[in-house]
Amino acid sequence: MGKYIAQRIGYMLITLFLIATISFFLMHFLPGTPITNENKLSPEQREIILETYGLNDPLPVQYVKYMGGLVTGDLGVSFQYDNRGVTQILMDRIGPSMQLGAQALLIGTILGVLLGLVAAIYHNGFMDYTSTIVAVLGTSIPSFVFAALLQYVLAVQLGWFPVATWEGFSYTILPTIALAIFPMATCARFVRTEMIEVLGEEYITTARAKGLKGSAIIFKHGIRNALIPLITVLGPLAVGLLTGTLVIEKVFAVPGIGQQFVSSVTTNDFPIIMGTTLLFAVFFIVMLLIIDILYGLIDPRIRLAGGK
Amino acid sequence: MENPKKNVDKNLFQLANRPEEQGDKIARPSTTLLQDAFRSLRRNVFVMISIILLVFILAMSIIVPMVSDHSYTEQDLNASLMKPRVPGLEKMGIFDGKETKNFVGNNVQAATQKANVAYDNASDYMDVEVVSEGNGSPNSAEVKVTYDKYGAKDMADDYYYFGTDRLGRDLWVRAWQGTRISLLIAFVAAAIDLAIGVAYGGIAGYFGGRVDNYLMRFLEVIVGLPNLVVVILMILILDPGLWAIIIALSITGWTSMARIVRGEVLKLRGQEYVLAARTLGASNSKIIGKHLIPNVSGLIIVNTMFTIPSAIFFEAFLSFIGLGLPAPDASLGTLINDGFTSILITPHVIIWPAILISLIMISFNILADGLRDAFDPKMRN
Amino acid sequence: MEKILEVKDLKVSFKTHGGEVQAVRGVTFDLHKGETLAIVGESGSGKSVTTKTLMGLLPKPHGFVKEGSITFDNKDITKLKESELQKIRGKDISMIFQDPMTSLNPTMKVGTQIMEGLIKHQNMGKAEAREKAIELMNLVQIPNPEARMKQYPHQFSGGMRQRVVIAIALACNPRVLIADEPTTALDVTIQAQILELMKDIQKKVDTSIIFITHDLGVVANVADRVAVMYAGKIVEIGTVDEVFYNPKHPYTWGLLGSMPTLESDEEELFAIPGTPPDLIAPPKGDAFAARNKFALEIDFVEQPPMFKVSDTHYAATWLLHEDAPKVEPPESVKKRIESMDHSEEATR
Numbered sequence: 572m573g574k575y576i577a578q579r580i581g582y583m584l585i586t587l588f589l590i591a592t593i594s595f596f597l598m599h600f601l602p603g604t605p606i607t608n609e610n611k612l613s614p615e616q617r618e619i620i621l622e623t624y625g626l627n628d629p630l631p632v633q634y635v636k637y638m639g640g641l642v643t644g645d646l647g648v649s650f651q652y653d654n655r656g657v658t659q660i661l662m663d664r665i666g667p668s669m670q671l672g673a674q675a676l677l678i679g680t681i682l683g684v685l686l687g688l689v690a691a692i693y694h695n696g697f698m699d700y701t702s703t704i705v706a707v708l709g710t711s712i713p714s715f716v717f718a719a720l721l722q723y724v725l726a727v728q729l730g731w732f733p734v735a736t737w738e739g740f741s742y743t744i745l746p747t748i749a750l751a752i753f754p755m756a757t758c759a760r761f762v763r764t765e766m767i768e769v770l771g772e773e774y775i776t777t778a779r780a781k782g783l784k785g786s787a788i789i790f791k792h793g794i795r796n797a798l799i800p801l802i803t804v805l806g807p808l809a810v811g812l813l814t815g816t817l818v819i820e821k822v823f824a825v826p827g828i829g830q831q832f833v834s835s836v837t838t839n840d841f842p843i844i845m846g847t848t849l850l851f852a853v854f855f856i857v858m859l860l861i862i863d864i865l866y867g868l869i870d871p872r873i874r875l876a877g878g879k
Numbered sequence: 061m062e063n064p065k066k067n068v069d070k071n072l073f074q075l076a077n078r079p080e081e082q083g084d085k086i087a088r089p090s091t092t093l094l095q096d097a098f099r100s101l102r103r104n105v106f107v108m109i110s111i112i113l114l115v116f117i118l119a120m121s122i123i124v125p126m127v128s129d130h131s132y133t134e135q136d137l138n139a140s141l142m143k144p145r146v147p148g149l150e151k152m153g154i155f156d157g158k159e160t161k162n163f164v165g166n167n168v169q170a171a172t173q174k175a176n177v178a179y180d181n182a183s184d185y186m187d188v189e190v191v192s193e194g195n196g197s198p199n200s201a202e203v204k205v206t207y208d209k210y211g212a213k214d215m216a217d218d219y220y221y222f223g224t225d226r227l228g229r230d231l232w233v234r235a236w237q238g239t240r241i242s243l244l245i246a247f248v249a250a251a252i253d254l255a256i257g258v259a260y261g262g263i264a265g266y267f268g269g270r271v272d273n274y275l276m277r278f279l280e281v282i283v284g285l286p287n288l289v290v291v292i293l294m295i296l297i298l299d300p301g302l303w304a305i306i307i308a309l310s311i312t313g314w315t316s317m318a319r320i321v322r323g324e325v326l327k328l329r330g331q332e333y334v335l336a337a338r339t340l341g342a343s344n345s346k347i348i349g350k351h352l353i354p355n356v357s358g359l360i361i362v363n364t365m366f367t368i369p370s371a372i373f374f375e376a377f378l379s380f381i382g383l384g385l386p387a388p389d390a391s392l393g394t395l396i397n398d399g400f401t402s403i404l405i406t407p408h409v410i411i412w413p414a415i416l417i418s419l420i421m422i423s424f425n426i427l428a429d430g431l432r433d434a435f436d437p438k439m440r441n
Numbered sequence: 008m009e010k011i012l013e014v015k016d017l018k019v020s021f022k023t024h025g026g027e028v029q030a031v032r033g034v035t036f037d038l039h040k041g042e043t044l045a046i047v048g049e050s051g052s053g054k055s056v057t058t059k060t061l062m063g064l065l066p067k068p069h070g071f072v073k074e075g076s077i078t079f080d081n082k083d084i085t086k087l088k089e090s091e092l093q094k095i096r097g098k099d100i101s102m103i104f105q106d107p108m109t110s111l112n113p114t115m116k117v118g119t120q121i122m123e124g125l126i127k128h129q130n131m132g133k134a135e136a137r138e139k140a141i142e143l144m145n146l147v148q149i150p151n152p153e154a155r156m157k158q159y160p161h162q163f164s165g166g167m168r169q170r171v172v173i174a175i176a177l178a179c180n181p182r183v184l185i186a187d188e189p190t191t192a193l194d195v196t197i198q199a200q201i202l203e204l205m206k207d208i209q210k211k212v213d214t215s216i217i218f219i220t221h222d223l224g225v226v227a228n229v230a231d232r233v234a235v236m237y238a239g240k241i242v243e244i245g246t247v248d249e250v251f252y253n254p255k256h257p258y259t260w261g262l263l264g265s266m267p268t269l270e271s272d273e274e275e276l277f278a279i280p281g282t283p284p285d286l287i288a289p290p291k292g293d294a295f296a297a298r299n300k301f302a303l304e305i306d307f308v309e310q311p312p313m314f315k316v317s318d319t320h321y322a323a324t325w326l327l328h329e330d331a332p333k334v335e336p337p338e339s340v341k342k343r344i345e346s347m348d349h350s351e352e353a354t355r
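Chains as they are written, first to last, in the numbering used here: chain R, 572 to 879; chain Y, 61 to 441; chain D, 8 to 355.
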């Protein structure tokens, strides 16, 4: 297992290196930098700025500097905010994003799993149809539409919640709900299918043939087997959360990384865009790694096969 | 269990000598996988509703921008932010293009005066209803003003079914034009995914061995890249526009199709009937065309049906975070983004594109789910 | 002999989109204490459905008992509530399943799976159940039971897993053990081991066994009596000797004739043409008539009743009616029966 994890971390670093390199060069072949767009600047001023940001150095030199910075956790300096390090900007904003993501993931998966289990146990019953409808709506309606709807109805019209910004727990409720819809729907759908399949398995018949009670069968034999594969949807869920944060932080004006990213896109602030991109990539790849390791830990079949 | 001594016609006790084939009668008429799938699809009410809805939306998105009086880029600042007005429905008091708002003041006159200021002194077109008389203290009086903007702007003969946006563009036309563009992006992106994915996965699966090995290694590298990151990077470096979005979506989108097709082809390739065809000297292209493609087609159709809504979503998502089509082009995503900026004052701008994209997404997802169930042999009876 | 289980005119149907499938269409038999009754028949003949019904394990709500009764302990199993069935299942009647690869929970330790029934039915504590589970694993000849208890099913071979399944079934000393094709999914050599094991165990624990199989070789090996099922009905029932050496039903002839033996190189196999009937709309007369070379006109008009051959031997064929023409089994089947006789004697 240890060797396997080490190998996976090695691959992970290579992927990150590739992403950093590719995005660095892509960025530097872009048609416009914020400085060239600023027509008010005189050539002298522009020269000074280019010098300050090291944009006059030959490309390979810039590349080496950038990659060197990455190793020490330095993502460069923002164009938009004078002299502020990208790392610092992102660190300042990561709190709300993480809180939002964690709350949404927690609520979304718990509710989704419950909904899926109930739907499967009462297959073709009322709860099953309810859960299916919720799942279809939740995976279909784009999160920003849902977020805008929540905001307009619950905050603007009814005034139950604050409309936007981030000043306390009550401010986190609406964005959390909006962000939780996707993981909830995805989990509900997945768990329902898995559980229905598991309940049709032969070993469930074996358990029934032992004379076990229905509840014992569902809890001891059903749920565990149905939930193990849930780990595989954590990947798509993570991606869903990332895309979700971008739009939902925009809708609710949450001072997080997503909102920063969206505003940097409009101002062509490449260091921030690149920094965020890399952060997203790290998040995504680490998630994949965790999923793999978790799978090995939880499923006895894989635990043994991959354990050597 | 005694031997029964029933009276039975003795003539019946002779050998029947009926033809043996009777036992081989086929109980039900044979149907192909596709026929079977579509038959079970037809029985699914939700799927049929989704198909009808999608056909309707598609037809509207083609027809409306062609026949409408206004083009989707035509601006008319005089007609900025008009409310929706629909002939017929307006008589029922809905979609009549009128705005209703409450104004407060120290007394009724002051409140009415505020309304006058807000509505360009077009008092002829204002219908004032006193909510509370007030007692002279600040903002104690309240009036409810219904303002006929169409009349005031001398547009009594104009009908904007979905209203207009800030620049006075007809949202009815823009919504359908936006739907057209969103669907176009989704269809083209799905077609590209389909072509690349099927070819790539088919080659890997069919030839197997070293070819498969190399192709899959390469695919794994691409899958390892977070597609959100790739899409955003691609959008940033390409000139913004339709093709930038399509290319960005396709560059990572084909991998899931390739994986699915490869897995299935790999499985089918080892089956007896393919071996039999090969033993009989069938060429590669014949085996692929006659045996593999028809058997993989169900999976391909289902997967494509899931690709389309996810492409629609991704386009809208990109537009919403400012990476979409440049103005004045419209897609559902840019329309929602426009509408969102003024959601508090004029919610009518965001509502129609939001409803349209939701309907399209729900319909495609139901259709895809239905197709998957229809093609799933485990569900067949 | 003491009757332990009495099945009377059992009819079981399934609701499907195509209509009602009449999987079991009137089955009657008794099970005596300590005997092994084999039920043979091709797939879809209703043998598995019959035994699932004995356990109250019909898939609800599609499968249901239409008519008939199953008497066990003076109770009609078909009328029992689910909670009452749970008290019988695994305790008085238990079951061994066909495929050991899928009939064990992959994420639960093997020991726990054996102990579950003990804890449920015998009010044992964990430690006591553990002792008993080890004892059971010894009984089914799983080496090193203490260590094996803590392993998961995927760490067991197919044959070993089937031993685990047998141990689970035997846990509470059931009075009736139903074995649903317990050796079909196993390698031939393992099959023999499992059959030996089952015969051994029956001697030790004195339980009655219903043994479902489509393999006549297995029947000859383990059973005292045989019931032959076709299209949801028992067409012939009797002791192994009666059914094997004096078969009366043409379908039984077909089964015997289509069984290859070591000597079968010269003679051709007697194959049964055609396929079983569609049980959504079963034929009016004898369900086997359309495939039967010896079908009489009456077979297409009326279903044959059970004709008595001896006190223990019955067959449902009009050929046994006094007015019927005398029909002998086909030559190849006769030869087969004779050769079986010889080979049996040779092995004895």
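Cβ coordinates follow ideal geometry from the N, Cα and C atoms, glycine included.
The structure presented is a predicted model; accordingly, all values stated were derived computationally and were not measured.
Original post:
In the DSSP assignment, what are the bridge partners of residue 215 of chain D?
Top reply: D/183
Original post:
Given that residue 74 of chain Y touches chain D, what residues does it touch there, using C-beta distances under 8 Å?
Top reply: 303, 304 and 332
Subject >> Reduced DSSP secondary structure (H/G/I, E/B, other) of residue 819 of chain R >> reply: helix
Original post:
How about residue 219 of chain D and residue 54 of chain D: are their beta carbons less than 7 Å apart?
Top reply: yes
Original post:
In chain order, what residues of the segment 306–317 of chain D put their CB closer than 8 Å to some CB of chain Y?
Top reply: 306, 307, 308, 309, 312, 313, 314 and 315
**OP:** In the DSSP assignment, find the alpha helix (DSSP H) that holds residue 29 of chain D and state where it starts and stops.
**Re:** It is not in any alpha helix (DSSP H) - residue 29 of chain D instead sits in the beta strand (DSSP E) that spans 26–39.
Original post:
Excluding sequence positions up to five away, which residues of its chain have a Cβ less than 8 Å from the Cβ of residue 394 of chain Y?
Top reply: 238, 379, 384, 385 and 387
Original post:
Using the beta-carbon count (16 or more within 10 Å), is residue 61 of chain Y buried or exposed?
Top reply: Reliability of the predicted coordinates at residue 61 of chain Y is poor, the pLDDT of 45 falling under 50, and the value obtained from them is presented with this limitation in mind. It counts as exposed.
Original post:
Using DSSP with H/G/I as helix, E/B as strand and the rest coil, what is residue 353 of chain Y?
Top reply: helix
**OP:** Classify residue 38 of chain D as buried or exposed, calling it buried when 16 or more other Cβ atoms lie within 10 Å of its own Cβ.
**Re:** buried
**OP:** Could you have a look at residue 83 of chain Y and say whether DSSP puts it in helix, strand or coil?
**Re:** In this prediction, residue 83 of chain Y has a pLDDT of 44, which is less than 50 and means its spatial position is unreliable; nothing more can be read from the coordinates.
**OP:** Output the boundary residues of the alpha helix (DSSP H) element that contains residue 162 of chain Y.
**Re:** No alpha helix (DSSP H) holds residue 162 of chain Y; the beta strand (DSSP E) holding it covers 158–165.
**OP:** Pull up the CB-CB distance for residue 442 of chain Y and residue 134 of chain Y, whole angstroms please, since I reckon it's below 8 Å.
**Re:** Beyond the ends of chain Y as shown, which are 61 and 441, falls residue 442 of chain Y; an answer cannot be given.
Original post:
What runs of the alpha helix (DSSP H), each 4 residues or longer, lie entirely inside the segment 141–177 of chain D?
Top reply: 152–156 and 165–177
Original post:
Going along chain Y in order, which residues have a C-beta closer than 8 Å to the C-beta of residue 260 of chain D?
Top reply: Within chain Y, no residue comes near residue 260 of chain D; the closest Cβ sits about 15 Å away, beyond 8 Å.
Subject >> Member of D/81, D/111 and D/201 whose CA lies at the smallest distance from the CA of residue 779 of chain R >> reply: D/111
Subject >> Alpha-carbon spacing of residue 229 of chain D relative to residue 202 of chain D, whole angstroms >> reply: 7 Å
Original post:
On the three-state DSSP scale, how would you describe residue 266 of chain Y?
Top reply: helix
**OP:** Please compile the residues from chain R whose C-beta is within a distance smaller than 9 Å of the C-beta of residue 187 of chain D.
**Re:** Those do not exist, as residue 187 of chain D stays about 10 Å from chain R at its closest Cβ, beyond 9 Å.
Original post:
Is residue 655 of chain R helix, strand or coil by DSSP?
Top reply: coil
**OP:** Quick one: using the 10 Å Cβ neighbour count with 16 as the cut-off for buried, is residue 429 of chain Y buried or exposed?
**Re:** buried
**OP:** Go through its chain and collect everything with a Cβ distance to residue 323 of chain D's Cβ below 6 Å, but skip five positions before and after it.
**Re:** 242, 311 and 313
Subject >> Through-space distance from residue 76 of chain D to residue 368 of chain Y, alpha-carbon basis >> reply: 56 Å
**OP:** Identify the contact partners of residue 328 of chain D in chain Y, using a Cβ-Cβ distance below 7 Å as the criterion.
**Re:** 73
**OP:** Check whether the segment 279–294 of chain D touches the segment 206–221 of chain D, taking contact to mean three or more Cβ pairs, one atom from each stretch, closer than 8 Å.
**Re:** no
Original post:
So is residue 821 of chain R in contact with chain D if we call contact Cβ pairs under 7 Å?
Top reply: no
Subject >> residue 281 of chain Y burial status per 10 Å Cβ neighbour count (16 or more: buried) >> reply: exposed
**OP:** Select from the segment 778–804 of chain R all residues with a C-beta closer than 9 Å to any C-beta belonging to chain D, and list them in chain order.
**Re:** 778, 779, 780, 781, 782, 783, 784, 785, 787, 791, 792, 795, 796 and 799
**OP:** Count the other CB atoms, across all protein chains shown, that sit within 10 Å of the CB of residue 638 of chain R; report buried if there are 16 or more and exposed otherwise.
**Re:** exposed
Original post:
When DSSP builds the beta bridges, which residues end up paired with residue 205 of chain Y?
Top reply: Y/161 and Y/188
Subject >> Residue-level contact to chain C via CB, residue 591 of chain R, 7 Å cutoff >> reply: This model lacks chain C altogether, as its protein chains are R, Y and D.
Original post:
So residue 115 of chain Y and residue 221 of chain Y are in contact, right, with Cβ under 8 Å, and what is the actual spacing, rounded?
Top reply: Their Cβ separation, rounded to whole angstroms, is 20 Å, which puts residue 115 of chain Y and residue 221 of chain Y out of contact at 8 Å.
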